[in-house]
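Count along the sequence shown starting at 1, add 5, and that's the number in my numbering.
Built from N, CA and C at the ideal position, the CB exists for glycine as well.
One structure is given here, and the rest of the page talks about it.
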Amino acid sequence: MDKNFEKVSSENYNPDLISVVDEEGVTHTFEELDRIETDDGRFVALLPVYEEAEDIIDDDGELIILSVNEDEDGEIYLEPIEDEKLFNKIGKIFEERLEDLFEFDDEE
């Protein structure tokens, strides 16, 4: 066993969980892994959180990368990044920042 390994327990690991309501009114829970702000805007990298073991097994393990926006009333909302070039750019930044925690496939 690696001597530098630290056992993760509920006492020292409290993930940042957020709930998102989709267009159909269904609530989804995600763990926020990272957030960044660039000249292109604010972005967040999320992983789905599941309550059922079967859903965890069926998950493809891909990061969900969303744009963080604010409406005229100051309400914050998340939305997909529609521009493929921007999505790839932001995705690459998150991959570099999170590469020590996750193994990424280089498929595009």
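Assuming residue i is part of the alpha helix (DSSP H), what are its boundary residues?
i: L91; result: 89 to 103
In whole angstroms, give me the CA-to-CA distance for residue i and residue j.
i: V31; j: V25; result: 8 Å
i: E101; j: Y55; result: 26 Å
i: Y82; j: E42; result: 15 Å
i: L22; j: I69; result: 14 Å
i: N117; j: D105; result: Within the shown structure, residues of the chain are numbered from 6 to 113, placing residue 117 beyond reach of any answer.
i: F48; j: K97; result: 12 Å
i: E77; j: E67; result: 32 Å
i: E87; j: I95; result: 12 Å
i: E145; j: P53; result: A question about residue 145 goes unanswered here, because the residues of the chain that appear run from 6 up to 113.
i: E89; j: R40; result: 19 Å
i: L38; j: S72; result: 14 Å
i: D51; j: G79; result: First, the amino acid is wrong: residue 51 is Leu here, not Asp. Near 22 Å, if we compare the C-alpha coordinates of G79 and L51.
i: E2; j: H33; result: Outside the displayed span of the chain (6 to 113) sits residue 2, for which this structure offers no information.
i: N93; j: E36; result: 21 Å
How about residue i and residue j: do their beta carbons lie closer than 7 Å?
i: D45; j: L91; result: yes
Is DSSP giving residue i helix, strand or coil here?
i: D21; result: strand
i: L38; result: strand
i: V73; result: strand
In the DSSP assignment, the beta strand (DSSP E) including residue i goes from what residue to what residue?
i: V54; result: Run containing V54: none; DSSP gives neither H nor E here.
i: E80; result: Element bounds for E80: n/a, residue is neither H nor E.
In the DSSP assignment, what residue or residues form a beta bridge with residue i?
i: G30; result: Paired residue(s): none; G30 is not in a bridge.
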